[in-house]
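Anchor point for the sequence shown: position 2 equals -9 in the working numbering, and the numbering is continuous, going up by one each time. Notes follow the structure.
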Amino acid sequence: MKNIKPTFLKRRKPKQKIEMKQVDQKWMNRLFLGGLIAIVVLATLSIIVSLTRSNKPQTIIQEVSKDTTTTDYHLQYYLNDYVKAYFNLSEDNAIQLDEIEKLNSFYDSVPETRNQGHTKSPSSLVSARLLSIKDNTATYQVTYSVGKGDDVKEITTGFAIPFGVKENQYYISSLPWFIPLTEQQATGFATQDKLKLIDDTEIESEKKEDLDSFLNLFFTNYTTNQENLDLLAKDISALENTTYKSLDYSYYKSDGKKVMAFAQVTFEIAGNTHSENFTLSLQPKDESYFVQSLKHTIPKNYTKTNTTKGDTK
């Protein structure tokens, strides 16, 4: 029989008694008050920093435009006077001295010229047109006459003028020079780009006579009487100092209830005559017509397409 070892139960340790420590109320009050003061101080500092930043002057950097092509009308008037002084030269030697003195007054200092044998023929400025101003140089198209008697010649040329600015005032900084003029007229157009007036074969002759008669009445009042014109057209002003001479061309197309009229007429102003093109929208009214709209053009493709499209002449 085996020997059995006795088992002894472990003695339980008595539970420790948890005691509640009493907190000093004064200490808690101080702790709470300190935290509150810290929050107030931080909030105040944040507000002060924010206000300081908003009131701090900011430096705004603006890019200065380098564009020198802007035209100053004061400068243009000044340059116009210089052009007049340069190209107007009298036949009278005594007057020439005053004119040369006036011309020299435009320079900051009179330009030195080594050649003392320049010839000066009487000249007169006919016209001058400012073309451009760039990099302190003005370019003109100048027309002037030179010579006297039967030997007078008219010359058109380009003329470049260097200038400077000092205390918001201008001066001519050096001798000017002559330049060739660049042709500005476009060329190389195809024949189909040209407006061609085609005889009207689409409308009956009797109706065409009625329409022509109305246009004659309209253009007569267009150049004479505003009250009568108001009875024939909408929001169109009568011309002054103009006489209607003739209806030289007319072409009509039906556009729903309306009739589109394409016309070329002759006017006279102070003894001189000239032609003008018109496109009119005519609305039937009381066995006659009323002009709803008027354009001072005839579309190049007026016989084929809608009149609101296409180039005009």
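Ideal placement from N, C-alpha and C gives every residue a C-beta, glycine not left out. Model, not experiment: these values are computed from the prediction.
- Within a 10 Å sphere around the beta-carbon of residue 261 sit fewer than 16 other beta-carbons, which makes this residue exposed.
- Fully enclosed beta strand (DSSP E) runs of no fewer than 3 residues occupy 112 to 123, 126 to 135 and 142 to 155 of the region 75 to 158, in order along the chain.
- Per DSSP, the beta-bridge partners of residue 241 are 250.
- When DSSP states are grouped into helix, strand and coil, residue 226 belongs to the coil group.
- Take residue 222, set aside five residues on each side of it, and the residues of its chain with a beta-carbon closer than 6 Å to its own are 280, in chain order.
- Pairing residue 231 with residue 116, the inter-Cα distance amounts to about 28 Å.
- Where residue 196 is concerned, the enclosing alpha helix (DSSP H) starts and stops at 194 to 211.
- Within the model, the alpha-carbon separation for residue 21 versus residue 28 is close to 11 Å.
- When DSSP states are grouped into helix, strand and coil, residue 281 belongs to the strand group.
- Comparing alpha-carbon positions, the option among 238, 137, 214 and 84 lying closest to residue 112 turns out to be 137.
- In the structure shown, residue 232 falls within a strand segment according to DSSP collapsed to helix, strand and coil.
- Listed as beta-bridge partners of residue 255 by DSSP are 235 and 264.
- The C-alpha of residue 159 is placed about 26 Å away from the C-alpha of residue 145.
- The region 211 to 225 and the region 181 to 199 do not touch, with fewer than 3 CB-CB distances between them shorter than 8 Å.
- Taking the CA atoms as reference points, residue 33 sits about 25 Å from residue 17.
- Sixteen is the threshold: since fewer than 16 other Cβ atoms of the shown chains lie within 10 Å of the Cβ of residue 66, the residue is exposed.
- In the DSSP annotation of this structure, the continuous segment of the alpha helix (DSSP H) that includes residue 215 starts and ends at 215 to 221.
- Here DSSP, grouped into helix, strand and coil, assigns residue 160 to strand.
- Around the beta carbon of residue 62, fewer than 16 other beta carbons lie within 10 angstroms, which makes this residue exposed.
- Beta-bridge partners assigned by DSSP to residue 167: 148.
- Taking a C-beta distance under 8 Å as the contact criterion, residue 254 and residue 236 qualify as a contact pair.
- Excluding five sequence positions before and after residue 240, the CB atoms of its chain that fall closer than 6 Å to its own CB belong to 189 and 251, given in chain order.
- Counting other Cβ atoms within 10 Å of its Cβ, residue 258 stays below 16 and is therefore classed as exposed.
- In the three-state DSSP reduction, residue 274 falls in the strand class (E or B).
- Ranked by Cα distance from residue 72, the options 80, 79, 92 and 85 are led by 92.
- Under the DSSP definition of a beta bridge, residue 269 partners with 250 and 283.
- Rounded to whole angstroms, residue 74 and residue 88 show a C-alpha spacing of 7 Å.
- Residue 114 and residue 266 have their alpha carbons spaced roughly 36 Å apart.
- Short of 8 Å from the beta carbon of residue 167, and not among the five residues preceding or following it, lie these beta carbons of its own chain, in chain order: 146, 147, 148 and 149.
- A Cβ-Cβ distance of about 5 Å is found for the pair residue 121 and residue 128, placing them in contact under the 8 Å criterion.
- For a cut-off of 8 Å, the C-beta gap from residue 208 to residue 278 is around 13 Å, too long to register as a contact.
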